[in-house]
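The structure appears right after this line, and notes come after that.
Protein chains: 2
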Amino acid sequence: MAHQVTIKDLARHLNVSVATISRALRDMPEIKPETRQAVLQLAKEWDYQPNILATSLVKSRTKTIGVIVPDLAYHFFASVIKGIEAEAIARGYSLLLTQTSELYERELINVQNLSRGQVEGFIISLSQETVDLDHLKRLQRKGIPLVFFDRDAQELDVSKVMVDNVGAAYEATKHLIDNGCKRIAFLAGPQSVTVSNQRLEGYGNALKDHGMLVEDELILHGEYALSKAVAITHHLLNLENRPDGLIVVSDRLAVGAISALKARNIKIPDEVAVVSFNDEPICTVITPTLSSVAQPTLDIGRNATSLLIDEIEDAAGTFKPEIQILKTQLIVRESSQRLK
Amino acid sequence: MAHQVTIKDLARHLNVSVATISRALRDMPEIKPETRQAVLQLAKEWDYQPNILATSLVKSRTKTIGVIVPDLAYHFFASVIKGIEAEAIARGYSLLLTQTSELYERELINVQNLSRGQVEGFIISLSQETVDLDHLKRLQRKGIPLVFFDRDAQELDVSKVMVDNVGAAYEATKHLIDNGCKRIAFLAGPQSVTVSNQRLEGYGNALKDHGMLVEDELILHGEYALSKAVAITHHLLNLENRPDGLIVVSDRLAVGAISALKARNIKIPDEVAVVSFNDEPICTVITPTLSSVAQPTLDIGRNATSLLIDEIEDAAGTFKPEIQILKTQLIVRESSQRLK
DNA sequence: CTGAAAGCGCTTACAG
DNA sequence: CTGAAAGCGCTTACAG
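Taken in sequence, the protein lines are chains A and B. In terms of our numbering, the first sequence opens at residue 195 and continues consecutively. In terms of our numbering, the second sequence opens at residue 195 and continues consecutively.
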């Protein structure tokens, strides 16, 4: 590997000290204009790039944020990352993006690697497997700030940017009730996932507020796997008293549910109406188009980043963790809109 | 921000030199077992993490690869990244993931930032806007290795992992011909995109080999935008002699084409058969399910990484750039399968 | 306006 | 088996 041009090379060639080079490159006012000119010109000519490792080391600052998400291929996360990126760039920070593939072990490794002086703070959405929080508590002990979004850990007193999942599910459920559904099932995620549980709660609240029963046989937990969603839907359809409405915890799983419904020639929305969450692009493409609750992904990313940087740059030590609950928006499409 | 534990802190507390700490932590054989024990225990107790910036600086090695893709939200790139990640981890390298949002300017900035001592090599898929290659030539001049995948620049003599787009399009076109299509249109990407042009070439070859004419009015270039695909499809349908087969350069655009066909009540595949490229998850979900050419994304990522690391670690200086052309696989679904 | 020196957190010959 | 010293590529008081 070729030798990179350093400040020393420039200094030697121009017969000045490295200190002068350093100052000239950073436009410090005390440098004589001719000197600065010469330095800048040579730097350009030799395509000098300052070594960011050295700068970070001496300044004890990297201006870099570590981002850890379950999977970059999930549209939701890719979309939140766009928000994170926008805010980070605007405030002069770089990103280190990593994914855990939903594995606790990879989350642990990513946190450890990045906390070896590489980042000044973390934005994290927990892996599905994560139960043990030691890796995150260690960050806190070291004073490295941390912000959660989407999948948090209740136990930790840190900033969080969440959406009002209870309210979102309430609205979705009410929407089905308004469209005449009498028996609404809920296809949930794993029992351990907060987001899923909150949506379940909103669903329950809506049923109760409208004089309907919350029935255990209508609440089923799957993993985040399409095949599981298909199986659960078939199970629901085999019930003696089958549901006429279905709330699915994610679009991804809703795709499975819809294919099961289609396979049995069940009319959507007339026999079973469906609403899900996330409003991924797929919702507009599937037949029937899928009603879904949209999350403000860009804002989630932007706000999480803003909170994190505020905390990083809080010299006074007065920063208090802040929990933001952003509003969602139900997008009604064919899968739930019954023509009365 | 709290002070991170350093080698110096450990040395002071144990009354040994930093050199001894450094050696003990890295399990060097010359250290006395008791000393090593004491060091390791204290390091654990204090949760010591070596500062990777310092290590990288002194070793002049980061064992990190920079990855630059147009958009992480494109399923294709997210999927290739999984392959890159797998190989990188296996060979002890880390990744720095960045996206350009298809902007040349962001590509330039990403290349510059990462080449400030942060990465030892790059895996790049060019942004749609990229024409000027100076930023990449500068990398070459500095001896920083570079591997392309998917979207390359012909001009540069570097390793590339591509797919046989000509062959893939030939197969897709032949498939439509075999299914009785007599007039096959091609919805291409921008004129400057190599991948699109290669597919166009395969399409032309197939037509010629089967005694069909290549007609300019049946070849239309769009941007990678859904609305554009819709408009182009309508235009095709308005032709005096309209096509009965359609090859679309990406699944994303095919979704637009299909929605235009549906809007005009054209039967797929009987009136117009459709095949596209990439085999994204959407193909199995859309109605009708979409025939598409699958790319070996994991292999693309793995092979690109393997080539890059081989070049990085090529002490002998004997590495020669290698161009790999991987095979694709046509996945036939409803949109192109006519029942004869 | 410029330079010598110390230091960021490590590693590594060299000496003992 | 261990330590002192030099050095990776920078920045920054301090002195002149």
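Ideal placement from N, C-alpha and C gives every residue a C-beta, glycine not left out.
With respect to the alpha helix (DSSP H) encompassing B/N245, which residues constitute its N-terminal and C-terminal limits? Taken as a continuous stretch (DSSP letters only), B/N245 belongs to no alpha helix (DSSP H), as it is neither H nor E.
So, for B/V233: in the same chain, excluding its five sequence neighbours on each side, which residues have a beta-carbon less than 6 Å away from its beta-carbon? Here the set comprises I215 and A218.
Quick check: the Cα distance between B/A501 and B/A284, rounded to an integer number of angstroms? Note that residue 501 of chain B is Leu in the sequence shown, not Ala. Roughly 14 Å separates the two Cα atoms.
The beta strand (DSSP E) enclosing A/G439, as first and last residue numbers: In the DSSP assignment, A/G439 falls within the beta strand (DSSP E) that extends over G439 to V442.
Name, going along the chain, the residues of the segment 460–492 of chain A whose beta-carbon falls closer than 7 Å to a beta-carbon of chain B. Contact residues of the segment 460–492 of chain A toward chain B are I476, V479, I480 and T481 (C-beta to C-beta distance below 7 Å).
Does B/T481 come out as helix, strand or coil in the three-state DSSP assignment? Assignment of B/T481 by DSSP, reduced to helix, strand and coil, places it in the coil class.
Can a CB atom of chain B be found closer than 7 Å to the CB of A/D241? Put simply, the CB of A/D241 is near chain B, with a gap under 7 Å to one of its CB atoms.
Per DSSP, B/I259 forms a beta bridge with which residues? B/L289 and B/G315, per the DSSP bridge assignment.
Euclidean distance between Cα positions of A/I491 and A/S273: The sequence shown places Thr at residue 491 of chain A, rather than the Ile named in the question. The alpha-carbon atoms of A/T491 and A/S273 are separated by roughly 6 Å.
Can you check whether the C-beta of A/L204 is within less than 7 Å of a C-beta belonging to chain B? No, A/L204 does not count as interfacial toward chain B.
DSSP beta-bridge partners of B/L524: Within the DSSP secondary-structure output, B/L524 pairs in a beta bridge with B/V487.
Within 6 Å: the Cβ of B/S386 and any heavy atom of the ligand ATP? Ligands displayed in this structure: none; no statement on the ligand ATP is therefore possible.
Tell whether a beta-carbon distance below 7 Å holds between A/L333 and A/G260. The answer is no: Cβ separation not under 7 Å.
Starting from A/H207, trace the alpha helix (DSSP H) in both directions and tell me its first and last residue. For A/H207, the enclosing alpha helix (DSSP H) covers residues I201 to L208.
Could you name the residues of chain A that B/Q235 contacts, counting a contact when the two beta carbons are closer than 7 Å? Chain-ordered listing is empty here: chain A has no CB closer than 7 Å to the CB of B/Q235, the nearest sitting near 17 Å.
Quick check on A/F343: does DSSP put it in helix, strand or coil? A/F343: strand per DSSP, three-state reduction.
Could you pull out every residue in the same chain whose Cβ sits closer than 7 Å to the Cβ of B/E465, ignoring the five residues on either side in sequence? Here the set comprises D438.
How many Å lie between B/K521 and A/I480 at the Cα? Between the alpha carbons of B/K521 and A/I480 lies a gap of roughly 30 Å.
Simplified DSSP assignment, three categories, for B/I413: B/I413 falls in the strand class under three-state DSSP.
Go to B/V389, then tell me how far its alpha helix (DSSP H) extends in each direction, as first and last residue. Membership of B/V389 in the alpha helix (DSSP H) is indicated by the continuous run T388 to D403.
With B/I378 as the anchor, note down where its alpha helix (DSSP H) starts and where it stops. Residue range I378 to A382 is occupied by the beta strand (DSSP E) that includes B/I378, with no alpha helix (DSSP H) assigned at that position.
Determine, for B/L420, whether the minimum Cβ-Cβ distance to residues of chain A falls below 7 Å. No - not a single Cβ of chain A is within 7 Å of the one on B/L420.
Compute the Euclidean distance between the alpha carbons of B/D508 and B/E314, then round it to the nearest angstrom. When rounded, the distance between both Cα atoms is 12 Å.
Could you tell me whether any Cβ in chain A is nearer than 7 Å to the Cβ of B/V449? Interface criterion met: the Cβ of B/V449 is under 7 Å from a Cβ in chain A.
Under 7 Å between C-beta atoms of B/S321 and B/T292: Their beta carbons are not under 7 Å apart, which means B/S321 does not touch B/T292 by this criterion.
For A/D504, which residues of its own chain have a beta-carbon under 8 Å away from its beta-carbon, when the five flanking residues on both sides are left out? Counting only residues of its own chain and dropping the five nearest sequence neighbours on each side, A/D504 has a CB closer than 8 Å to the CB of F513.
Would the segment 355–366 of chain A and the segment 391–404 of chain A be scored as touching if the rule is three or more Cβ pairs under 8 Å? A contact between stretches requires three or more CB pairs, one per stretch, nearer than 8 Å, and the segment 355–366 of chain A meets this requirement with the segment 391–404 of chain A.
Boundaries (first-last residue) of the alpha helix (DSSP H) holding B/F271: Run containing B/F271: H269 to A284, per the alpha helix (DSSP H) assignment.
Given this structure, state the Cα-to-Cα distance separating B/M195 from A/G337, to the nearest angstrom. Because B/M195 carries a pLDDT of 41, less than 50, the predicted location of this residue cannot be relied on, and no value is offered for it.
Should B/R190 be flagged as near chain A, meaning a C-beta pair shorter than 7 Å? Because chain B is modelled from 195 through 534, residue 190 of chain B falls outside the range shown and cannot be assessed.
With a cut-off of 8 Å on the beta carbons, I'd call A/V424 and A/G450 a contact; round off their distance for me. With a Cβ gap of about 5 Å, A/V424 and A/G450 count as contacting.
Comparing the C-beta of A/L381 with each C-beta of chain B, is any distance below 7 Å? With 7 Å as the cut-off, A/L381 does not count as an interface residue toward chain B.
Contact criterion: CB-CB distance below 7 Å. Does B/R496 meet it with respect to chain A? Not closer than 7 Å to any Cβ of chain A, the Cβ of B/R496 fails to qualify, so no.
My assumption, with CB atoms under 8 Å, is that A/N435 sits in contact with A/R532. Please give the rounded CB distance. Between A/N435 and A/R532 the beta-carbon gap is near 20 Å, outside 8 Å, which marks them as no contact.
Proximal residues of chain B, C-beta to C-beta of A/I278 below 7 Å: Below the 7 Å Cβ cutoff, chain B contributes no neighbours of A/I278, its closest Cβ being approximately 11 Å away.
Distance, Cα to Cα, B/D326 vs B/P515? Spanning the two alpha carbons is a distance of roughly 21 Å.
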